[in-house]
Amino acid sequence: MAAAAAQSGEAQPNRPISNILIVIAMQTEAQPVVNKFELIEDPHSPFPQGVPWVRYHGKYKDLNINLIWPGKDPSSGVDSVGTISSALVTYAAIQALQPDLIINAGTAGGFKARGASVGDIFIASDCAFHDRRIPIPVFDLYGVGSRKAFETPNLVKELDLKVVLFEVQIVSPSSLASHVVIQVGYHCLPRLTGLTDFPCTCAFEHDNYIPIVYDCLGLMVAKLSTGDSLDMTEQDESSITANDATVKDMEGAAVAYVADLLKVPAIFVKAVTDIIDGDKPTAEEFLQNLAAVTAALDLAVEKVINFINGKSISEL
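Numbering (UniProt numbering), first residue to last: 1 to 316.
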């Protein structure tokens with residue numbers, strides 16, 4: 001623990017950041033980032049034998065990047081989502097890899113009443129739990145576990161994550177789909193029945209189309225509330241409201257707890273897959289939008305990493 005703390009950004013705020021730890025809960029969320037930075041899976045895991053945790057690593061510009069995801073649950077074979085796996089893998093990764101900075105990246109639900117829309121990208125200012133209800137004085141505060149995320153005023157102020165998507169309507173006969181969306185300068189994102197596909201490459205062999213501004217991805221700052229359920233009970237909703245949260249996930253506050261315990265600065269990048277107070281069932285909307293919103297998350301992480309490169313903790 002002492003060694004990890006000594007390596008933290010808090011201990012050496014003016015030293016250039018060289019070692020980044022990205023904690024991601026799901027393989028679907030992790031794979032685009034792995035591909036983007038050409039990270040390699042570590043065949044010699046630094047973690048205890050038998051755990052499913054996976055480490056990808058590589059060099060990007062001046063940064064050593066380690067991406068960790070908790071792997072597949074040995075019993076069920078699904079992604080090991082939730083607070084327990086995230087806390088465990090964050091602790092083990094800090095001990096083994098001694099990062100200067102942690103980035104917890106992932107998808108989240110958002111509240112329409114607080115201005116969130118599908119595809120929005122949020123940087124968390126605060127993290128708290130909404131399902132650890134202990135109605136005893138002081139224990140209640142412990143249960144909520146509210147913590148400030150590491151403040152990054154320069155990143156928030158200067159980093160432009162807005163990327164315009166154009167809807168293109170084909171008005172002449174074509175073998176191509178009648179409607180697509182192109183993300184200018186980065187990817188091409190088909191939009192046939194919704195946000196359902198990974199970015200791909202599209203080529204237009206004619207000039208007869210009508211571009212219409214459709215949507216944009218923007219960086220916003222908001223509070224994050226964490227719990228171990230995808231759905232939301234009435235008690236959860238009351239706690240989330242008390243937490244003043246705009247986005248809801250299943251890992252963030254657990255990562256924040258461990259990072260705070262070991263004095264490693266952590267930032268939280270969340271992309272909205274579903275609207276919790278909307279009309280669609282949460283699970284259905286989450287699965288429908290997961291792949292495309294993960295592409296937006298990948299773009300956001302890339303921009304955050306590029307901003308961090310060459311800077312010290314104090315310059316963020």
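Where is the CB? At the ideal position from N, CA and C, for every residue including glycine.
Considering Cα atoms alone, identify which of the options is closest to residue i.
i, options, result
"ARG36", "LYS311, MET220, THR294", "One point to set straight first is that residue 36 is Lys, not Arg, in the sequence displayed. Closest by alpha carbon: THR294."
"ASP126", "GLY227, SER239, GLY145", "GLY145"
"ASN309", "SER18, ILE275, ALA87", "SER18"
"LEU316", "PHE150, ASP62, PRO70", "PHE150"
"SER76", "PRO52, ILE68, ILE94, LEU97", "PRO52"
"MET26", "GLY82, ALA93, ASP62", "GLY82"
"GLY106", "ASN306, PHE286, LYS59, PRO265", "PHE286"
"ALA108", "ILE305, PHE307, ALA296", "ALA296"
"GLU284", "ALA271, ASP231, VAL255, PRO265", "ASP231"
"ILE22", "ALA266, ASN289, LYS280, SER314", "ALA266"
"ASP228", "ASN306, ARG132, ILE68, SER314", "ARG132"
"ILE65", "LEU97, ASP79, PRO46", "LEU97"
So, is residue i buried or exposed, given that buried needs 16 or more other C-beta atoms within 10 angstroms?
i, result
"TYR257", "buried"
"SER238", "exposed"
"ALA242", "exposed"
"GLY50", "exposed"
"SER86", "buried"
"LYS270", "buried"
"LYS303", "buried"
"VAL138", "exposed"
Is residue i near residue j, with beta carbons less than 9 Å apart?
i, j, result
"VAL221", "ILE102", "no"
"VAL33", "ASP298", "yes"
"PRO13", "SER312", "yes"
"LEU88", "PRO74", "no"
"ALA30", "TYR56", "yes"
"ARG147", "THR246", "no"
"ASP62", "VAL54", "no"
"GLY119", "ASN306", "no"
Please check the pair residue i and residue j, which I expect to be a contact at CB under 8 Å, by giving their CB distance rounded to whole angstroms.
i, j, result
"residue 348", "THR226", "The shown model of the chain, from 1 to 316, leaves out residue 348, and the question about it has no answer."
"GLY278", "PHE268", "Not a contact, Cβ separation roughly 23 Å."
- Message: List, from N- to C-terminal side, the beta strand (DSSP E) runs of 3 residues or more that fit wholly inside the UniProt domain "Nucleoside phosphorylase" (20-148).
- Response: 54-60, 63-69, 101-110, 121-129
- Which residue spans inside the UniProt domain "Nucleoside phosphorylase" (231-305) form an unbroken alpha helix (DSSP H) run of at least 4? 234-242, 252-261
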